[in-house]
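Asks: Every letter in the sequence shown is one number past the one before it in the working numbering, and letter 300, counting from 1, is 322.
Just so you know, even glycine gets a beta-carbon here, dropped at the ideal spot from N, CA and C.
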Amino acid sequence: MKNQIFMKNIYTLLLLLCTTFLSAQSYVDKTGDTMTGTLTMGSNAQIKLNQTSDFLGLRTTSTGNNTTKLHFFRNFSYEESDADLITLDRYGKLGIGTTSPVYLLDVAGGGRFQGAAYFDGGNNIINATTNESGFVFRNNNNTRAQFAWIESGGYMGVWNASTGIWQQRWKNSGQTEINVNTLINGKLQMAGSPLPRWNNSISSYVVESPHFYGTDSDMAIFLGEAGNEISIRGSLGIGVTNPSEKLQVIGNAIINGNIESKKVKVTATPGSVPDYVFASDYKLRTLTELEDYVNTNKHLPNIPSAKEVENNGQDVGDMQLKLLEKVEELVLYTIEQQKTIDRLLNRIEKLENPKKDEK
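(1) Between the Cα of Ala130 and those of Val124, Gly119, Glu350 and Gln136, spot the shortest distance and give me the residue it belongs to.
(2) Using the C-alpha atoms, what's the distance from Val295 back to Asn333?
(3) Evaluate Tyr49 with the Cβ neighbour count: other Cβ atoms within 10 Å of its Cβ, from every protein chain shown; 16 or more gives buried, anything less gives exposed.
(4) For the ligand MN, any of its heavy atoms closer than 7 Å to the Cβ of Asp104?
(5) At what residues does the alpha helix (DSSP H) containing Asn368 begin and finish?
(6) May I ask you to report which of helix, strand or coil DSSP gives Ala138?
(7) Going by CA-CA distance only, name the one from Val124, Leu107 and Asp106 that's closest to Tyr113.
(8) Assuming Phe95 contacts Gly79 under a Cβ cut-off of 8 Å, what Cβ separation, rounded to an integer in Å, is found between them?
(9) What's the gap between the Cα of Ile277 and the Cα of Gln336?
(10) Which term fits Pro218, buried or exposed, when burial requires 16 or more other beta carbons within 10 angstroms of its beta carbon?
(11) Taking Cβ positions, are Thr90 and Thr109 nearer each other than 8 Å?
(12) Does DSSP put Lys268 in a helix, a strand or coil?
(13) Return helix, strand or coil for Ala328, following the three-state DSSP convention.
(14) Please classify Pro376 as buried or exposed, where buried requires at least 16 other C-beta atoms within 10 Å of its C-beta.
(15) Tell me which residue opens and which closes the beta strand (DSSP E) that Asp303 is part of.
(16) Less than 8 Å between the CB atoms is what I'm expecting for Val338 and Val288, so what's the real figure, rounded?
(17) Going by other Cβ atoms of all chains shown within 10 Å of its Cβ, with 16 needed for buried, is Gly259 buried or exposed?
(18) Need the endpoints of the alpha helix (DSSP H) that Thr385 sits in, please.
(19) Whole-angstrom Cβ separation of Ser283 and Gln270, contact assumed at under 8 Å?
(20) What's the call for Asp314, buried or exposed, on a 16-neighbour Cβ count within 10 Å?
(21) Would you identify the three-state DSSP class for Ile206, choosing helix, strand or coil?
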């Protein structure tokens, strides 16, 4: 309804212009020239209002049946030909800046409303048809700060001119991008550009920390410091950007529960494997010394006590190496014991068969 009122106002304005030029007693210029009677204009006729070398005018054009148009035009001294300003065709379509209006109101150029603009009906209200088209909702300073923006790439969102990044953006393909920078006290903080983006799979890009980055099949979460990173690339890496296993962790982990595995591999640093027990300079305690140590400390040498394990837990890899050290020491004790047994057996045999040595 308000559109109809607006169009009626436009038609009334044009009618006043026409009656000014065509009706009886119409005023032509300030010298007082008048015209009485009815003026009938033929095809492609013109009426010009002259002001020295510049003038405004009204003319009709027709290139065939059903093509009649009424033009309000100008011709200034620096222009080589007439410039059409407003065009009204026989179907009531009004063009401003265009001589071929497609809609009831067709404006080629910018427009300004100093009041509200109302749209009624169920048809499309706004339609952008070129790659360069877009809509901006600006403030009174003519800037885009914190105002809505609809661009030709299919994005609609809120733009922050001071930071040069989108606060939030939606795309007609279903993508949503969010750039919210708030206080961290209990709130979600996401900042930077480009923005977190979700489209079926997750793909996000930001530059500040903490942040997400990657592609649809390759995503990482950066937590603000070198090494504090979670990478998901078919494999999960924590503290490593290129995990070589399905789960790779650089650093410590605490698991309050059970771990079940078919195989556990513990790597060792060079020199930590206790082959040194078999070195010629290794100082192996005698069994008497070992007995004294056990009676005093209630645990084997180089093995943590029960209290230490209860308080601090145990390093599985380190404990395996310590137990291996004890096994290798036990082998040395066994070898030494076997030598002692052999010597004793030899002496027993000599005592039982003295005549055997005489032979």
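Replies: Straight from the coordinates:
(1) For the purposes of this step, residue 130 is identified with residue 108 of the sequence shown, where counting begins at 1. Ala130 has its Cα closest to that of Gly119, out of Val124, Gly119, Glu350 and Gln136.
(2) By one-based count along the sequence shown, residue 333 stands at place 311. By one-based count along the sequence shown, residue 295 stands at place 273. Whole-angstrom Cα-Cα distance: 26 Å.
(3) Position 27 of the sequence shown, counted from the start, is the residue given in the question as residue 49. Any reading at Tyr49 is ruled out, since the residue's pLDDT is 38, under 50, leaving its predicted position unreliable.
(4) The ligand MN is absent from the structure shown, which contains no ligands of any kind.
(5) Position 346 of the sequence shown holds residue 368. First-last of the alpha helix (DSSP H) with Asn368: Val338 to Glu374.
(6) Walking along the sequence shown from the start, residue 138 turns up at place 116. It is coil, neither helix nor strand.
(7) Position 91 of the sequence shown, counted from the first residue, corresponds to residue 113. It is Val124 whose Cα lies nearest to the Cα of Tyr113.
(8) For the purposes of this step, residue 95 is taken as residue 73 along the sequence shown, with counting starting at 1. For the purposes of this step, residue 79 is taken as residue 57 along the sequence shown, with counting starting at 1. Between Gly79 and Phe95 the Cβ distance is about 5 Å, and since that is below 8 Å, they are a contact.
(9) Numbered from its first residue, the sequence shown carries residue 277 at position 255. Numbered from its first residue, the sequence shown carries residue 336 at position 314. Cα to Cα, the separation comes out at about 14 Å.
(10) Taking the first residue of the sequence shown as 1, we reach residue 218 at position 196. Low per-residue confidence applies at Pro218: pLDDT is 47, beneath 50, and the placement is therefore not dependable enough to give any value.
(11) Here residue 90 is taken as the residue at index 68 of the sequence shown, counted from 1. Here residue 109 is taken as the residue at index 87 of the sequence shown, counted from 1. No, the pair does not count as a contact, with Cβ atoms beyond the cut-off.
(12) Numbered from its first residue, the sequence shown carries residue 268 at position 246. DSSP places Lys268 in coil when its eight states are reduced to three.
(13) Reading the sequence shown from its first residue, position 306 is the one you call residue 328. DSSP, read as helix, strand or coil, puts Ala328 in helix.
(14) For the purposes of this step, residue 376 is taken as the residue at position 354 of the sequence shown. Flag for Pro376 reads exposed.
(15) Position 281 of the sequence shown, counted from the start, is the residue given in the question as residue 303. Segment: none, Asp303 is in no beta strand (DSSP E) and carries neither H nor E.
(16) If you number the sequence shown from 1, residue 338 lands on position 316. If you number the sequence shown from 1, residue 288 lands on position 266. Indeed they touch by this definition, with Cβ atoms about 6 Å apart.
(17) Mapped onto the sequence shown, residue 259 falls at position 237. Buried.
(18) The displayed coordinates of the chain run from 23 to 381. Any statement about residue 385 would go beyond what the structure contains.
(19) For this step, residue 283 is matched to residue 261 along the sequence shown. For this step, residue 270 is matched to residue 248 along the sequence shown. That pair is no contact at about 15 Å.
(20) As a position in the sequence shown, residue 314 is number 292, starting the count at 1. That one is exposed.
(21) Mapped onto the sequence shown, residue 206 falls at position 184. Caution applies to Ile206, whose pLDDT of 41 falls short of 50 and renders its modelled position unreliable; the model cannot decide the point.
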